[in-house]
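A.B. asks:
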Amino acid sequence: MVAQDYTTEDRLTLDVRAFHDGKLVYSTFAVNEASVEKAARERMLEVVVEIDDRPLSRWGCDGVVCATPTGSTAYNFSAGGPVVWPQVEALCIVPLSAHALFARPMVVAPSSVIAIEVLAGNQGAGVLWCDGRRSVDLPPGARIEVSRGLRPVRLVRLHQAPFTDRLVAKFGLSVEGWRGSAEKRQAARGATDDEK
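Going by the working numbering, the sequence shown runs without a break in its numbering and finishes at 186.
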């Protein structure tokens, strides 16, 4: 650190706001994801999702995850969403167990505003979770708006670690038996390391 032998990378964050009866009732941030989920296990949550003030779809579901590229390998990934390389500026939306014909993971522009409205007719409440740590109850009629955070989070890396290598290590992806140029380079590196 003293020798300044490190690299930095800025990661996109989320600004999250919850409204009820048109009033702001909660505001926070997220580094990985913001999720709107059902509060009662036995009930579905009825939501309408909007992108940039345009309605997209209505779902009866367990919830909706809105993720950053950093969070794309966390809850988003577990829910069937895409893995997004950190350098890509985008937001992910993943419906959770939605009862609908069109309920696919989506990737939208980083400038988009995602709105999730908990429909007033819901028999149960919802819960807003941010990074799985901060939560607030959402009564029927609540509206959650998720947008790109004004401030990114800055990560400092002491060692070079390409995202592809980190992804392979994190998920234990099989690259054995690959006969391409990558395997040859890896074998050559191994031979060089043995000589040392």
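Backbone N, C-alpha and C define an ideal beta-carbon position, used for all residues, glycine too.
Taking all protein chains shown into account, do 16 or more other C-beta atoms lie within 10 angstroms of the C-beta of Trp119, making it buried, or fewer, making it exposed?
C.D. replies: The residue in question, Trp119, is buried, as its Cβ has 16 or more Cβ neighbours within 10 Å.
A.B. asks: If we count Cβ pairs, one from each stretch, closer than 8 Å, do we get three or more for the region 132 to 145 versus the region 42 to 50?
C.D. replies: no
A.B. asks: Report, in whole angstroms, the separation of the C-beta atoms of Glu135 and Val103, which I expect to be a contact under 8 Å.
C.D. replies: 6 Å
A.B. asks: For Pro130, list the residues DSSP reports as bridge partners.
C.D. replies: DSSP output for Pro130 lists no bridge partner at all.
A.B. asks: Output yes or no for whether 7 Å exceeds the beta carbon distance between Pro95 and Pro72.
C.D. replies: yes
A.B. asks: Assuming Thr(-2) is part of the beta strand (DSSP E), what are its boundary residues?
C.D. replies: Thr(-3) to Arg1
A.B. asks: With a Cβ-Cβ cutoff of 7 Å, do Leu81 and Ala69 count as a contact?
C.D. replies: no
A.B. asks: Using a Cβ-Cβ cutoff of less than 6 Å, which residues in the same chain neighbour Ser125 once the five nearest sequence positions on both sides are dropped?
C.D. replies: Closer than 6 Å at Cβ, skipping near neighbours: Val117 and Trp119.
A.B. asks: Whose CA, out of Pro45, Phe67, Tyr(-4) and Thr(-3), lies closest to the CA of Val55?
C.D. replies: The option with the nearest alpha carbon to Val55 is Phe67.
A.B. asks: With which residues is Pro45 paired in a DSSP beta bridge?
C.D. replies: Glu40
A.B. asks: DSSP three-state label for Ser62, please.
C.D. replies: Helix, per DSSP.
A.B. asks: Relative to the C-alpha of Thr63, which candidate in Glu36, Ala93 and Asp121 has its C-alpha closest?
C.D. replies: That would be Asp121, whose Cα lies nearest to the Cα of Thr63.
A.B. asks: For the structure I just gave you, are there three or more beta carbon pairs, one from the region 99 to 115 and one from the region 33 to 48, closer than 8 Å?
C.D. replies: yes
A.B. asks: Under a three-way DSSP split, which group does Arg147 fall into?
C.D. replies: Residue state, collapsed to three classes: strand.
A.B. asks: Quick check on the DSSP output: the beta strand (DSSP E) that includes Arg156 runs from which residue to which?
C.D. replies: Counting along the chain, Arg156 falls outside any beta strand (DSSP E), though it belongs to the alpha helix (DSSP H) covering Phe153 to Phe161.
A.B. asks: Strictly by DSSP, which residues pair up with Lys28?
C.D. replies: Gly116
A.B. asks: Whose CA, out of Glu(-1), Lys174 and Gly61, lies closest to the CA of Ser25?
C.D. replies: Answer by Cα proximity: Gly61.
A.B. asks: State the CB to CB distance for the pair Ala20 and Leu35, rounded to an integer number of angstroms; the pair is presumed to be in contact (CB under 8 Å).
C.D. replies: Contact doesn't hold; Cβ gap of about 19 Å is too wide.
A.B. asks: Looking only at its own chain, which residues have a Cβ that is under 6 Å from the Cβ of Ala90, when we skip the five neighbours before and after it?
C.D. replies: Trp49
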